[in-house]
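One structure below.
There are 2 protein chains.
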Amino acid sequence: MVAELAARDKKLAGIGEDELVEIILKYLDPSKPYEHLPPGDDARDFLPRGPKQVFSSDAYSFSSLKLPWRTWRDAGWAGVVGCISDHFSKGSIPDIAMVSLGLSPSMSLGDFVELIEGIREVLTYYRVVYGGGDLNSSSDPWISASIVGFTTAKKPPRRYGARPGDKIVVTGKYGAMGIVSIDGVEEASRYKWVVEATRRPKPQVETSIVIAAHYRWIDASMDVSDGLSYTIHLMAKGSGLSARIDSPPLHYEELDEFCRDKKDPKRCVIERCLAGGEEYGVVLALPEKYVGEVTSYMDMYGVSYKVIGEFIDGGEPGKIYWRGREISVVGWDQFRGWSSHS
Amino acid sequence: MVAELAARDKKLAGIGEDELVEIILKYLDPSKPYEHLPPGDDARDFLPRGPKQVFSSDAYSFSSLKLPWRTWRDAGWAGVVGCISDHFSKGSIPDIAMVSLGLSPSMSLGDFVELIEGIREVLTYYRVVYGGGDLNSSSDPWISASIVGFTTAKKPPRRYGARPGDKIVVTGKYGAMGIVSIDGVEEASRYKWVVEATRRPKPQVETSIVIAAHYRWIDASMDVSDGLSYTIHLMAKGSGLSARIDSPPLHYEELDEFCRDKKDPKRCVIERCLAGGEEYGVVLALPEKYVGEVTSYMDMYGVSYKVIGEFIDGGEPGKIYWRGREISVVGWDQFRGWSSHS
Chain C
-1 MVAELAARDK KLAGIGEDEL VEIILKYLDP SKPYEHLPPG DDARDFLPRG PKQVFSSDAY
59 SFSSLKLPWR TWRDAGWAGV VGCISDHFSK GSIPDIAMVS LGLSPSMSLG DFVELIEGIR
119 EVLTYYRVVY GGGDLNSSSD PWISASIVGF TTAKKPPRRY GARPGDKIVV TGKYGAMGIV
179 SIDGVEEASR YKWVVEATRR PKPQVETSIV IAAHYRWIDA SMDVSDGLSY TIHLMAKGSG
239 LSARIDSPPL HYEELDEFCR DKKDPKRCVI ERCLAGGEEY GVVLALPEKY VGEVTSYMDM
299 YGVSYKVIGE FIDGGEPGKI YWRGREISVV GWDQFRGWSS HS
Chain V
-1 MVAELAARDK KLAGIGEDEL VEIILKYLDP SKPYEHLPPG DDARDFLPRG PKQVFSSDAY
59 SFSSLKLPWR TWRDAGWAGV VGCISDHFSK GSIPDIAMVS LGLSPSMSLG DFVELIEGIR
119 EVLTYYRVVY GGGDLNSSSD PWISASIVGF TTAKKPPRRY GARPGDKIVV TGKYGAMGIV
179 SIDGVEEASR YKWVVEATRR PKPQVETSIV IAAHYRWIDA SMDVSDGLSY TIHLMAKGSG
239 LSARIDSPPL HYEELDEFCR DKKDPKRCVI ERCLAGGEEY GVVLALPEKY VGEVTSYMDM
299 YGVSYKVIGE FIDGGEPGKI YWRGREISVV GWDQFRGWSS HS
C-alpha cells in the first residue's frame, strides 16, 4: 500500500485502482462476525435483522455537495447522510451500506483519504456497516450510497398519504441552508453559525424510533432533503391537498437576528426556513388527535419538532399558503437548475 | 407527463427532474403485493426472501459502456447486468435493485427513454424488482446499480480461497471482448459475431443455483467482469498462489477462424480468451475430487463450462503460466488506463 502520509499530493492517476481500493478497505472495514464474504469481495452477505427491510439509494455530484467551507471529509459525510435520513423518515434503522464513487484522476491522494475518512465517520456515527462499493473515474465526480435497513413498522409511512386536516409536524432546525440558497454562498459564508450548521447535517436516529412506534397513526412522512417548502409541496401535491403554514419551524435564533432589520422580518424568517435543503428533518402528516401522543414520544426521545400548519382540502393541490397568500416553491432541479414548482 | 414520442429530440434540460422521474416510474414499476412503500417514495420496503442475504453494487461511466454498436438500450442493460452477475458468482438470486443515474442535460428524451427501457429489460429478464434510485445531472454520465438478493448457501464462496491443486473451472464463452480489447474497437466492429456477442452480456442464473447447492466444496468463486486473466490473477494473488492454464476456455468458434492465419494461432486464441471483460462467466476454484459432481450439475442445468487449469503452489503469487511461460495480465485501471497487473 502507498505510504499515504508521505504521498498526499500524489494524484490518483499515479496510484491506480487496486491500491486505492486497498486504502478504502483499510479505512472502512468494520466487518461483522456473522458475515462470510469479507470486505473487498464481489458482494457482502448479511442476515435480515428485522421483520421488514427497507432499501434506499441517494446520489450526488460532488460539485453540488462541496459548499466552499466543506472539506472533502465533510463532503464524504454529506454524500452518505441523505440516504441514512431516508431510512429515518420511514421508521427504519439503516444497517449496511454500499458506497460507490466516481473520482477525478487529478484528485490528490490526500483529498481521497479525507473523503474516505468522512464516509467512515458518518457510517460509524450512525452504526452502519460498510458493505462495499465500486470505484470509478469521472471528470464530474460523484458519490452514490445505497443502504439496507430494517424496521418494526408493518407499514412504514408513505410520502403521499396526507389527509385533510392533518397537522404538519416538522422535526429538525431550519434557516441556515435557506440563507445559502436565498442570499447566496458568499453572503452565507460571512455567518459562522450558517457555516457550522451546514457543514455536516446530522439527522436524529431517534426520529426513526418514534415513527416506527407510531406508524399506524402517521398518514405521511418525508425527510427534508431539497428544502422544507419543496417537501411540503410534494407531500401535498401527491395527496391531492394544499398546505397552510401558520408559523415557522424551529430555526436558529441567529436567523431572527439576521432578519431583524429587513423590510418584513417575519417573511424573511419564514422564507429562509422554507428554502434550503439537506436539513434532514422529517415532515409528518398527523391527525390532530394523535399529535399529543406522538409529540410526547418526541419529547421523551429528545427529538426537536414544531407543529407548523395543516394539510387542507381546497386551493390547488401542492400550493402552500402563508398569511392567506401563496408562497412560491423554489427548488433545485437537476436538469433545469433553480426552478419554481407547482 | 411529456408526450415522449412527440418529443424524443427534446433535451433533458428542457424537461426537468420531476417529469423525468415520472417517466422512469412509468417504465419501471413492477411493484410487489407485499410492499407498502410505492415506487417513487424515499425508500422501498421488502421482506427477506431467504435465510441469508447478499448485497452488491457496481457502477460505470457510460463512456466505458458505450461500445459504438451499443444503443442506449444496450448500455442500460450492460450497466445493470454486472451487479446481477456478482450475485450469481456468490450463489445468490438477485431480488431488488436500486439504479441511480447521472445524465447529461444535453441528452435527448428519446435516448433517455431507450436507456430506461434497457434497464427495464435486464431487470425483467432476470426477474429483479426495480426498487428505485436517484437521478442526477452529470457532464460525464454514469450509472450505479445496487442489488439485494438471497441465497440458501450458509457460506457463499469467497473470491480468495483457492487452495493448491484446485482446478480452475470456467463457465461462459470467451474471445469476443478479447478482440475488442486486443485488436481494437474498429477492427472488432468488422466482425458481426463480435458485435452480437458483446452487445448484451447474458450471465446464466443457473450458475447461481449450482454454486448455492455446492458451496461447501467451492473454495473460491468470482465473476469475470474485467477479463478472464485479471480474474484468475486476482483469485490466485489473494489466495497466495499462482495459476497454470492448460487449455483455453469455451470460446466462439469464429475466434479459431480469426486466429487461423496468425503466426501463433494457439497463442492468438488464448490471449483473446484471457483478455476482454464483461463476459460474466464465473471462475471456480474446485478440489479435483468434486469437479465431477459439480460439473454434472452444470450439465443438468445447461451451464456451459470448461476446466482450463489449476491453482498451484509455487511461482510468484498472482502469476499465470501457459506452456511453461508467464502470461502478462493486462487489465483496465480506472485511474491509470490499460495497465499490467502483477
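Protein chains in written order, with my numbering: chain C, -1 to 340; chain V, -1 to 340. Note that the Cβ used here is the ideal one computed from N, Cα and C, for glycine as well. Since we're looking at a predicted model, the values are computed, not measured.
Interface flag, residue i vs chain C, CB-CB below 8 Å
i, result
"V:Ala211", "no"
"V:Ala76", "no"
"V:Met(-1)", "Reliability of the predicted coordinates at V:Met(-1) is poor, the pLDDT of 48 falling under 50, and the value obtained from them is presented with this limitation in mind. Cβ-Cβ to chain C under 8 Å: no for V:Met(-1)."
"V:Lys50", "yes"
"V:Trp140", "yes"
"V:Tyr58", "yes"
"V:Leu10", "yes"
"V:Ser332", "For the sequence presented, residue 332 of chain V should be read as Gln rather than Ser. Cβ-Cβ to chain C under 8 Å: yes for V:Gln332."
"V:Pro46", "yes"
Which listed residue (the options) has its alpha carbon closest to that of residue i
i, options, result
"V:Leu282", "V:Val222, V:Lys260, V:Cys266", "V:Val222"
"V:Met296", "V:Glu286, V:Gly170, V:Lys235, V:Ala241", "V:Gly170"
"C:Gly173", "C:Pro155, C:Val167, C:Ile166, C:Thr196", "C:Thr196"
"V:Ala186", "V:Pro66, V:Gly307, V:Gly108, V:Glu15", "V:Pro66"
"C:Met175", "C:Arg323, C:Ile166, C:Gly163, C:Glu194", "C:Glu194"
"V:Met96", "V:Ser144, V:Ser219, V:Ser237", "V:Ser144"
"C:Asp40", "V:Val167, V:Gly131, V:Ser59, V:Cys81", "V:Cys81"
"V:Asp132", "C:Phe53, C:Val328, C:Ile13", "C:Phe53"
"V:Val19", "V:Asp311, V:Asn134, V:Ser206, V:Tyr288", "V:Asn134"
"C:Pro201", "C:Lys190, C:Gly275, C:Tyr228", "C:Gly275"
"C:His85", "C:Glu291, C:Gly300, C:Ile21, C:Val280", "C:Val280"
"V:Tyr303", "V:Pro247, V:Phe309, V:Gln332", "V:Pro247"
"C:His327", "C:Ile117, C:Ala234, C:Glu277", "Sequence check: residue 327 of chain C is Val here, not His. For the residues C:Ile117, C:Ala234, C:Glu277, the minimum Cα distance to C:Val327 belongs to C:Ala234."
"V:His249", "V:Asp109, V:Ala241, V:Lys264", "V:Lys264"
Inter-residue Cα distance where the pair is residue i and residue j
i, j, result
"C:Arg198", "V:Ile177", "48 Å"
"V:Arg270", "C:Ser83", "47 Å"
"C:Gly225", "V:Pro36", "22 Å"
"C:Met(-1)", "C:Ala76", "Because the pLDDT at C:Met(-1) is just 48, under 50, the model does not fix this residue reliably, and the point stays unresolved."
"C:Val126", "V:Val120", "30 Å"
"C:Ile180", "C:Ser90", "33 Å"
"V:Leu45", "V:Glu251", "45 Å"
"V:Asp138", "C:Ser61", "13 Å"
"C:Gly14", "C:Gly312", "59 Å"
"V:Ala57", "C:Glu112", "22 Å"
"C:Pro154", "V:Leu63", "37 Å"
"V:Gly307", "V:Ala211", "23 Å"
"V:Arg258", "V:Lys317", "28 Å"
"V:Leu239", "C:Pro92", "38 Å"
Where the beta strand (DSSP E) through residue i begins and ends
i, result
"C:Ser219", "218 to 221"
"V:Thr169", "165 to 169"
"C:Gly129", "127 to 130"
"V:Phe53", "50 to 59"
"C:Ser240", "240 to 243"
"C:Ile209", "No beta strand (DSSP E) contains C:Ile209, which is instead part of the alpha helix (DSSP H) from 203 to 211."
"V:Trp75", "Here V:Trp75 belongs to no beta strand (DSSP E); instead the alpha helix (DSSP H) covers 70 to 87."
"V:Gly43", "The question names Gly, but residue 43 of chain V is Asp in the sequence shown. Start and end: 42 to 44."
"C:Tyr319", "318 to 320"
Any C-beta of chain V under 8 Å from that of residue i
i, result
"C:Gly170", "no"
"C:Val208", "no"
"C:Val146", "yes"
"C:Ala41", "yes"
"C:Met96", "yes"
"C:Met233", "no"
"C:Pro103", "yes"
"C:Asp109", "no"
In DSSP terms, what residue i is bridged to
i, result
"V:His339", "V:Val327"
"C:Pro92", "C:Gly147"
"C:Gly275", "Answer is none; C:Gly275 lacks a bridge partner."
"V:Phe309", "V:Ala241"
"V:Leu99", "V:Leu133, V:Ile141"
"C:Leu282", "C:Val167, C:Ser219"
"C:Ser106", "C:Lys9"
Near the ligand PLP: residue i beta-carbon under 7 Å from a heavy atom
i, result
"C:Gly322", "Looking at this structure, you won't find the ligand PLP or any other ligand, since it has none at all."
Run of the alpha helix (DSSP H) containing residue i, from where it starts to where it stops
i, result
"C:Trp191", "190 to 197"
"C:Ala186", "183 to 186"
"V:Ile13", "No alpha helix (DSSP H) holds V:Ile13; DSSP gives it neither H nor E."
"V:Ser227", "226 to 236"
"C:Asp259", "Premise fails: C:Asp259 is in no alpha helix (DSSP H) and is neither H nor E."
### Message
Short of 9 Å Cβ to Cβ, which residues in the segment 155 to 170 of chain C face chain B?
### Response
The chain labelled as chain B is not found among the protein chains of the depicted structure, namely C and V.
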